[in-house]
Every structure is written in C-alpha cells, then in structure tokens.
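Below you'll find the structure, written out as structure tokens, and then a few comments.
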DNA sequence: TGTTAACTGACAACGGTCTGACACGAGCAA
DNA sequence: TTGCTCGTGTCAGACCGTTGTCAGTTAACA
C-alpha cells in the first residue's frame, strides 16, 4: 500500500509522511511534477496525493497526462481555499477526490482508505480470510474472534498477503510495498517480520508458504 | 533471462551482480566493449546494461555497431550526471532506456523488468500451451486447472520451451539461458532437471521430445 | 549386437531461509 | 539528562530443500 505525495511545501510533506508512517502506510514524497513522473515511470504506487500549485508544471498537467495514458491509479488532489473553484475541473480531469488545505490528516487518511477500498472494489473496510478478520480502519485483527496484536510491519505484511491471496510475491515486491526509498534493508528484515507474523497467526487459516528462490505465497488453508 | 552488464567500475559491478542475483536474475559482467563484443559474438543475452564511459571504445560505439548489425536486443544505458545531455543521442542511437548514476538498484531492476516485459510482448502475462497455463505475473503454473509446483530451474526450463515451441533447442542453448559463466555444469544437470520437469508435467499437453544427438523439441501434443 | 547418448535413482553439497540473540533508536517518564 | 520499554533491523548459526554429480540402466541407431 504505497502512496506517492507530490507537494512542494516541505513542512507539510514531512508532517504528512510522518503521519502516514505512523498509521502504517509508507509514503514517498517528490517536490515536483517532473520528479513524480520519473518516479512513476518505474515504481509502482497504489495512489497519488497531488498538490495543484507546484513550481514548474502544475499538478493538473500531471493528472491529465496520466489519464491520457490510460492510467487509472487513484489520485487525490490537494488545493488551497482560493483555488476552490478548481475542484470541478480537477474531478473532470480524472481526480478521484479532492481536499482543501489546510488538511486534517485524519480526514486525509480516511479519504485515502476510501479510495483504495473503491479501487479494490470492496464495499467494506474489513478483509476476511477464513477465520481471520482484518479491519483496515481500526487496525483490529482477530483470529477465531480472538484479538491478535500485530506490530506495524507485521500488519503491513498481512495486508499485502491478504490483498494478494494465491499470488506469489517476491521479496522485492514486498520490499517495494513496505519500505520507502530511504528505508533500504537487507532481505533478512522481511524474513524476520514474516517469522514474527507467522508465529502470531499460527491459529489462522491464512498460510504463507515459502517458495524457495522465488518468494512467498499466501493462501487459505483449513 | 540473461543480462550482460558492461561496466568498468568493479565495486559497482559487484554490487549490481549481487543485487540481481538476489532477485533471481543472474547477471554476467564484462569490463570493456571489446570483451563485451567477444562475449556477445558467441553467447546469447536477453538484455544489456551498458555504461557509456568505458576505457577503450565507448559504450556508444558498441550500441551503434549492434544496431547497425540489426540486433534489437534491449539496451539500458548508464550515464554519469555530467553526461546527461547524452541521453538524447543515446536514445537516438537505439538505446531503449537510460539511467543516471548513481543508480538505485531497485530502479535499475524495475526498468530492466519493464524492458524485458516489453520485449516479451507485454500484453499477455500468461503463456498457454493446451491445458498448461503459465502465469508470469503470479508465477503460478496449472495443468488442467490443477496447480503444479515447480522449482526454480524447472520453471526456467519450462519458460524456455514455451517460448520456443516447435523449435529444437540444443543442450548448449539451454545451458546458455539457465546458467551464468561461473555456473558451468555437466550436461547431465540439464538432463536431470528435464527429467524432473517431465515428471511434474506428465499430465500436460506440452511434450518435450528428445532428438538424439541434437537436443530437445517442445510441442503441443494431445 | 555393440556403441553411445539419454534417463533416472541415490546422495552430497551448496545456498537460501529461518530464527534466537542482540543492537539500536524512538518514545516516554522520572 | 538518564534509564526503561518497545519495535524493528542485523547478525550468525542451524536447518533443510534444491540441485548438481555420480553411477548404473535403458533406449536409439548403425
């Protein structure tokens, strides 16, 4: 669940990054449309938070060019109050939502969750896998109706496997989703987190299988 | 899926080789254009990563001569920031992509994957042969909708035969695709892997026929 | 039928993965 | 500041699966 923030105000960007880190969504940050385009050309994000007023090319131009290329990635626009009439054109250009500054981070996070949920085509905020229930909004996880306490990394990993059931995820895939650019780690960090997650989910019907030399496969197993 | 790196900086080459090994793409390395040409004349690679600034003949010359010979192999150029204006001419000369040093390995790997995918005919992410389906995205293989578990080498071999249906592959061809220089093996390693693959695919319509003294031929057979 | 290539069961070695122990930094309280 | 706790990454050694080798057998072709 990686998010890219395109925002030239460093203080705001820092605060946003920090908030999203705390709630468990790694968020990368670029200051300009040019940098964002470069990043998007090779890395894979689940959504964009895009400031409209940027030095150089404006956020609109980025949005427009993305949609012209047929990319459907969810985009949430940030706009200052003075630019509020822009919202119509923002939505017309293919933004999925917009938010007026100053932003309340909790609202921003909630709207992101909503967009990501819509993307998945899921109506509810919970993911279910056999006896395991994961509430994305409250971060509560239960196995057989018993609460299970997961740490941030474990939760991220679980969410990733639940979203990709019956699909092989390479360590690289996982690293790309869990870590931002400046958090490069040894592959062992993932193994370690996985060990911890497996231990905590030993009673659940989610089984994460190792495929040696390739990666991991999450599937239901009862 | 073999990649050749042409780079005179040993530290960088080592690190790249190590990273690619970890993500499962063996990578061979030569330090000069001359060596690369010799290697390319007798061995078969799926893509090149080419540094521009090399002692002796420059990377451009290699690229140019390859394209003049009509070779369409994907080439990704590495260039130092000072040479950034070169990118136009690099792309003009027939490079498929370029990257400015210092390189982020994840970006390098992602761009390589993108090129290889494009090469392979991006659209379809699955290869089908009768009742056998090989999903390149999820790495899952099914025969009659039953999952089949293959090991790394078996998967590589299967992919090779699927890409070369109705074409004879010599053992040497196969060795060239599966092994890097420093993994030289007896021909028996391939026979052994093939035995294992055939056993696991006994129910499938892919049949790998032995052509004594020549090699192997993969074809549909139902 | 003899010769040679290919096949395959058994086994060992290598290397990827797992996991306990520890290090380190952030957050917090005294 | 100091000291404590907690989360998470690193390290190193154990573990164990995959894969190459060996050797004996089978099949192909002259």
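Chains as they are written, first to last, in the numbering used here: chain A, 6 to 227; chain B, 6 to 227. C-beta: ideal position from N, C-alpha, C; glycine also.
Answer with buried or exposed for residue 128 (chain B), where buried requires no fewer than 16 other C-beta atoms within 10 angstroms of its C-beta. Translated into positions along the second chain, residue 128 (chain B) becomes position 123. Bear in mind that the predicted position of residue 128 (chain B) carries a pLDDT of just 41, short of 50, making it unreliable; the figure below should be weighed with that in mind. Answer is exposed; the Cβ neighbour count stays below 16.
Residues of chain A with CB under 9 Å from residue 145 (chain B), in chain order? Sequence index remark: in the second chain, residue 145 (chain B) carries index 140 (1-based). Near residue 145 (chain B) (Cβ distances below 9 Å), the residues of chain A are 171, 172, 173, 222.
What residue range does the beta strand (DSSP E) around residue 52 (chain B) cover? Taking the first residue of the second chain as 1, we reach residue 52 (chain B) at position 47. Taken as a continuous stretch (DSSP letters only), the beta strand (DSSP E) holding residue 52 (chain B) covers 52-56.
What is the rounded straight-line gap between the Cα of residue 103 (chain A) and the Cα of residue 27 (chain A)? For the purposes of this step, residue 103 (chain A) is identified with residue 98 of the first chain, where counting begins at 1. For the purposes of this step, residue 27 (chain A) is identified with residue 22 of the first chain, where counting begins at 1. Using only the alpha carbons, I get a separation of about 23 Å.
Answer yes or no: does any C-beta atom of chain B fall closer than 9 Å to that of residue 47 (chain A)? Start at 1 with the first residue of the first chain, and residue 47 (chain A) comes out as number 42. Yes, its Cβ sits closer than 9 Å to a Cβ of chain B.
So, helix, strand or coil for residue 13 (chain A), using DSSP? The residue given as residue 13 (chain A) occupies position 8 in the first chain. Correct three-state label for residue 13 (chain A): coil.
Applying a beta-carbon distance threshold of less than 9 Å, which residues of chain A neighbour residue 111 (chain B)? Indexing the second chain from 1 puts residue 111 (chain B) at position 106. In chain order: 47, 48, 177, 180, 181, 186, 189.
Spatial neighbours of residue 147 (chain A) within its chain, please: C-beta separation below 8 Å, excluding the five flanking residues on both sides. As a working note, residue 147 (chain A) is residue 142 in the first chain. Result list for residue 147 (chain A): 137, 138, 153, in chain order.
To the nearest angstrom, how far is the alpha carbon of residue 108 (chain A) from that of residue 185 (chain A)? Position 103 of the first chain, counted from the start, is the residue given in the question as residue 108 (chain A). Position 180 of the first chain, counted from the start, is the residue given in the question as residue 185 (chain A). When rounded, the distance between both Cα atoms is 23 Å.
Tell me the rounded alpha-carbon separation between residue 158 (chain B) and residue 187 (chain A). By 1-based counting over the second chain, the position of residue 158 (chain B) is 153. By 1-based counting over the first chain, the position of residue 187 (chain A) is 182. So the alpha carbons of these two residues sit roughly 34 Å apart.
Pick helix, strand or coil for residue 127 (chain B), following the three-state DSSP scheme. Here residue 127 (chain B) corresponds to residue number 122 of the second chain, with the count starting at 1. At residue 127 (chain B) the pLDDT is 44, less than 50, meaning the model places this residue with poor confidence and gives no usable figure here.
Taking the continuous alpha helix (DSSP H) assigned at residue 213 (chain A), which residues delimit it? Along the first chain, read from residue 1 onward, the residue named residue 213 (chain A) stands at position 208. Segment 211-216 is the beta strand (DSSP E) holding residue 213 (chain A); no alpha helix (DSSP H) there.
Taking C-beta to C-beta, are residue 5 (chain B) and residue 132 (chain B) nearer than 9 Å? A question about residue 5 (chain B) goes unanswered here, because the residues of chain B that appear run from 6 up to 227.
Return the CA-CA distance between residue 208 (chain A) and residue 135 (chain A), expressed in angstroms with no decimal places. The sequence position of residue 208 (chain A) within the first chain is 203, counting from 1. The sequence position of residue 135 (chain A) within the first chain is 130, counting from 1. Distance between the alpha carbons of residue 208 (chain A) and residue 135 (chain A): 11 Å.
Consult DSSP for residue 23 (chain B) and reduce its assignment to one of helix, strand or coil. Indexing the second chain from 1 puts residue 23 (chain B) at position 18. If DSSP states are grouped into helix, strand and coil, residue 23 (chain B) belongs with the helices.
To the nearest angstrom, report how far apart residue 76 (chain A) and residue 182 (chain A) are at their CA atoms. What you label residue 76 (chain A) is simply residue 71 of the first chain in a count that begins at 1. What you label residue 182 (chain A) is simply residue 177 of the first chain in a count that begins at 1. Each residue's alpha carbon lies about 19 Å from the other.
Nearest to residue 36 (chain A) (by Cα), restricted to the options A:15, A:47, A:71, A:100: What you label residue 36 (chain A) is simply residue 31 of the first chain in a count that begins at 1. Nearest option by C-alpha distance: A:15.
Compute the distance between the beta-carbons of residue 21 (chain A) and residue 9 (chain A), then report whether it is under 9 Å. Position 16 of the first chain, counted from the first residue, corresponds to residue 21 (chain A). Position 4 of the first chain, counted from the first residue, corresponds to residue 9 (chain A). Against a cut-off of 9 Å, the Cβ pair of residue 9 (chain A) and residue 21 (chain A) comes out as no contact.
Closer than 7 Å, Cβ to Cβ, to anything on chain B: give me those residues from the stretch 47-76 of chain A, in chain order. 47, 48
Residue 179 (chain A), enclosing alpha helix (DSSP H) - first and last residue: Residue mapping note: residue 179 (chain A) aligns to position 174 of the first chain, counting from 1. That run of the alpha helix (DSSP H) goes 176-183.
Select from A:143, A:99, A:169 the residue whose C-alpha is nearest the C-alpha of residue 78 (chain A). In the first chain, counting from the first residue as 1, residue 78 (chain A) sits at position 73. Considering only alpha carbons, the answer is A:99.
As assigned by DSSP and simplified to three states, the class of residue 206 (chain A): Residue 206 (chain A) sits at position 201 when you count from the first residue of the first chain. Three-state result, residue 206 (chain A): coil.
Return helix, strand or coil for residue 223 (chain A), following the three-state DSSP convention. In the first chain, the residue the question calls residue 223 (chain A) occupies position 218. DSSP places residue 223 (chain A) in strand when its eight states are reduced to three.
Name the chain A residues that come within less than 7 Å of residue 116 (chain B), Cβ to Cβ? Stepping through the second chain from its first residue, residue 116 (chain B) is reached at position 111. Result: 47.
If we ignore side chains and look at the alpha-carbon of each, how far apart do residue 123 (chain A) and residue 47 (chain B) end up? By one-based count along the first chain, residue 123 (chain A) stands at place 118. By one-based count along the second chain, residue 47 (chain B) stands at place 42. Each residue's alpha carbon lies about 52 Å from the other.
May I ask you to report which of helix, strand or coil DSSP gives residue 81 (chain B)? In the second chain, counting from the first residue as 1, residue 81 (chain B) sits at position 76. Strand, per DSSP.
So, is the C-beta of residue 233 (chain B) closer than 9 Å to a C-beta in chain A? Chain B is shown from 6 up to 227; residue 233 (chain B) falls before or after that span and cannot be answered.
Meets three-Cβ-pair contact criterion under 8 Å: the stretch 156-174 of chain B and the stretch 210-226 of chain B: yes
Distance cutoff 9 Å, beta carbons only. Does residue 160 (chain B) sit that close to anything in chain A? On the second chain, position 155 is the one that residue 160 (chain B) refers to. Closer than 9 Å to some Cβ of chain A, the Cβ of residue 160 (chain B) qualifies, so yes.
Span of the beta strand (DSSP E) around residue 137 (chain A): Start at 1 with the first residue of the first chain, and residue 137 (chain A) comes out as number 132. It spans 137-140 - the beta strand (DSSP E) in which residue 137 (chain A) sits, taken as one unbroken run.
Could you give the DSSP three-state label for residue 146 (chain B): helix, strand or coil? For this step, residue 146 (chain B) is matched to residue 141 along the second chain. Of the three classes helix, strand and coil, the one that applies to residue 146 (chain B) here is strand, per DSSP.
Within 9 Å, strictly: CB atoms of residue 205 (chain A) and residue 155 (chain A): To locate residue 205 (chain A), count along the first chain from 1; it is residue 200. To locate residue 155 (chain A), count along the first chain from 1; it is residue 150. Yes; because the gap between Cβ atoms is below 9 Å, this pair is in contact.
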